[in-house]
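Everything in the sequence shown is counted per the working numbering, starting at 60 for the first residue and increasing by one. Just so you know, even glycine gets a beta-carbon here, dropped at the ideal spot from N, CA and C.
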Amino acid sequence: MTRYALAVDVGGTKMEAALVGDDGVLVPGSRGRRATGRDATPASLDEAIATVIAHALAHLPEDAELIGAGIGSAGPIDRNVGQILPVNMPAARGYGLADAVRSTASGILGRALPTVFGHDGGALALAESWLGATKDARSSLSIVVSTGVGGGFVVNGAYIPGATGNAGHLGQVRREGGLTLEEIASGPASAAWAQTQGWTGATGEDLARDAAAGDTIARAAIERSAKAVGEALADAATLVDLDMVAIGGGFSRVSADYIDLVQQALTASAAHEYSRRTRVVRSGLGDEGPLIGAAALVLR
């Protein structure tokens, strides 16, 4: 009998749920999505949870063994009490996400469903370690560079949550001028910096297009982002002794050589031989990664 997990991924713009088998494959048709957004409230999250979980569970195979629900959420979170404290959904601060998922799923199934709650960066890191680019690593960090910057650690195949579940918030480390890495290297931050230099575009997609066409300011913004990410990763590698970092997220694809630029900055900045040997690779999973990671909190 195949084991399955109910996977729930909660972010600043959307919530998704799906059923995932112990082979890491999503059950066809089980994936559902609802919008969240900056104005999300406990009531709107309750409604979204009810909708996406009901949709997912309606696709549970007849011979399935559903062993639990795994939840990955944008943070910060408090894993100990099951609450989210999201910067990008201020009205939902303190929302009991773990209890909401557990009670909704249990009510539909008519039995208690064990639930495991984690930070979305940690869930993604676990997915990469299981089926993605870092599966051969002993100590890895997986990050996204997109609208925000964040990640999670896996050591010897185990997700490392930290005291409250927030280990891996790389985007909030301080860099030049007291800015956070996210305020320097994210897609929106890079576009905003380029505009201060006279560039007339608006988005990360515009930066990619213009840099490819030879625009020197757009290219400088991309290089600035990659340098900041690489230097932050050098610090992380020195502190945690990483052998691999996987990078995903929309802005990491802003140029074909973005990963190479990050690697160059890490190698140049790292203080010791062991941290200089850390390899930077592109994420091995597509947009199903967060759901696979949430399921892995239960299945792995």
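Host beta strand (DSSP E) of residue i (start-end)
{"i": "Ser188", "result": "Note, Ser188: premise wrong, no beta strand (DSSP E); alpha helix (DSSP H) at Asp179 to Leu190."}
{"i": "Leu172", "result": "No beta strand (DSSP E) holds Leu172; DSSP gives it neither H nor E."}
{"i": "Val111", "result": "Segment Pro101 to Leu116 is the alpha helix (DSSP H) holding Val111; no beta strand (DSSP E) there."}
{"i": "Arg214", "result": "Per the sequence presented here, residue 214 reads as Val, with Arg not at that position. Looking at the DSSP string, the run of the beta strand (DSSP E) that includes Val214 is Val208 to Val214."}
{"i": "Ala66", "result": "Arg62 to Val69"}
{"i": "Ala222", "result": "Note, Ala222: premise wrong, no beta strand (DSSP E); not H, not E."}
As assigned by DSSP and simplified to three states, the class of residue i
{"i": "Asp137", "result": "strand"}
{"i": "Asp269", "result": "helix"}
{"i": "Arg283", "result": "helix"}
{"i": "Glu124", "result": "strand"}
{"i": "Gln256", "result": "coil"}
{"i": "Leu344", "result": "coil"}
{"i": "Gly289", "result": "helix"}
{"i": "Leu78", "result": "strand"}
{"i": "Leu200", "result": "strand"}
{"i": "Gly91", "result": "strand"}
{"i": "Arg278", "result": "helix"}
{"i": "Val339", "result": "strand"}
{"i": "Gly227", "result": "coil"}
{"i": "Ser314", "result": "coil"}
{"i": "Ser205", "result": "coil"}
{"i": "Gly153", "result": "coil"}
{"i": "Ala217", "result": "strand"}
{"i": "Gly129", "result": "strand"}
Sequence-distant residues of its chain with Cβ nearer than 7 Å to residue i (five each side left out)
{"i": "Val313", "result": "Gly263, Leu266, Ala267 and Ile281"}
{"i": "Ile276", "result": "Ala253, Gln256, Gly257 and Trp258"}
{"i": "Gly155", "result": "Gly141 and Gln142"}
{"i": "Asn225", "result": "Gly134, Pro135, Ile136 and His178"}
{"i": "Leu190", "result": "Gly83, Leu344 and Ile351"}
{"i": "Ala261", "result": "Ala250"}
Range covered by the alpha helix (DSSP H) that runs through residue i
{"i": "Arg161", "result": "Leu156 to Leu168"}
{"i": "Gly83", "result": "Premise fails: Gly83 is in no alpha helix (DSSP H) and is neither H nor E."}
{"i": "Arg335", "result": "Glu332 to Arg335"}
{"i": "Ser328", "result": "Tyr317 to Ser328"}
{"i": "Val304", "result": "No alpha helix (DSSP H) contains Val304, which is instead part of the beta strand (DSSP E) from Met303 to Gly307."}
{"i": "Leu350", "result": "Gly348 to Leu358"}
{"i": "Ala244", "result": "Leu240 to Ala244"}
Integer Cβ distance of residue i from residue j, believed to fall under 8 Å
{"i": "Gly131", "j": "Asp68", "result": "5 Å"}
{"i": "Gly127", "j": "Pro173", "result": "4 Å"}
{"i": "Arg394", "j": "Trp258", "result": "Any question about residue 394 goes unanswered here, given that the chain covers just 60 to 359."}
{"i": "Arg62", "j": "Leu356", "result": "With a Cβ gap of about 13 Å, Arg62 and Leu356 do not count as contacting."}
{"i": "Glu187", "j": "Val208", "result": "About 16 Å separates the two Cβ atoms, so there is no contact after all."}
{"i": "Thr297", "j": "Ala330", "result": "6 Å"}
{"i": "Thr100", "j": "Ala157", "result": "Actually they do not touch by this definition, with Cβ atoms about 18 Å apart."}
Spatial neighbours of residue i in its chain, beta-carbon cut-off 8 Å, leaving aside the 5 residues before and after
{"i": "Lys73", "result": "Arg92, Arg93, Ala94 and Thr95"}
{"i": "Ala109", "result": "Thr163"}
{"i": "Ala159", "result": "Leu104, Asp105 and Ile108"}
{"i": "Val111", "result": "Val67, Met74, Glu75, Ala76, Gly91, Arg92 and Arg93"}
{"i": "Arg338", "result": "Asp302, Met303, Val304 and Gln322"}
Other residues of its chain near residue i: CB distance less than 6 Å, five sequence neighbours each side excluded
{"i": "Val299", "result": "none"}
{"i": "Ala66", "result": "Ala77, Val79, Gly129, Leu350, Ala353 and Ala354"}
{"i": "Arg161", "result": "Thr174"}
{"i": "Gly70", "result": "Ala133"}
{"i": "Ser4", "result": "With the chain represented from 60 up to 359, any question about residue 4 goes unanswered, as that position is not in the structure."}
{"i": "Val214", "result": "Ser198"}
Residue i Cβ short of 7 Å to the ligand FAD heavy atom set
{"i": "Phe310", "result": "For the ligand FAD, the structure offers nothing, since it holds no ligand at all."}
Below-8 Å beta-carbon distance, residue i vs any chain B residue
{"i": "Ile219", "result": "Included in the structure is just one protein chain, with no chain B present."}
*Three or more C-beta pairs closer than 8 Å, one from the stretch 301-314 and one from the stretch 190-201: is that the case here?*
Judged by Cβ distances under 8 Å, the stretch 301-314 makes contact with the stretch 190-201, as three or more pairs qualify.
*Would you call the stretch 170-186 and the stretch 218-237 touching, i.e. three or more CB-CB distances under 8 Å?*
yes
_Taking contact to mean 3 or more Cβ pairs, one atom from each stretch, closer than 8 Å, check whether the stretch 285-298 and the stretch 320-329 are in contact._
Short answer: they touch.
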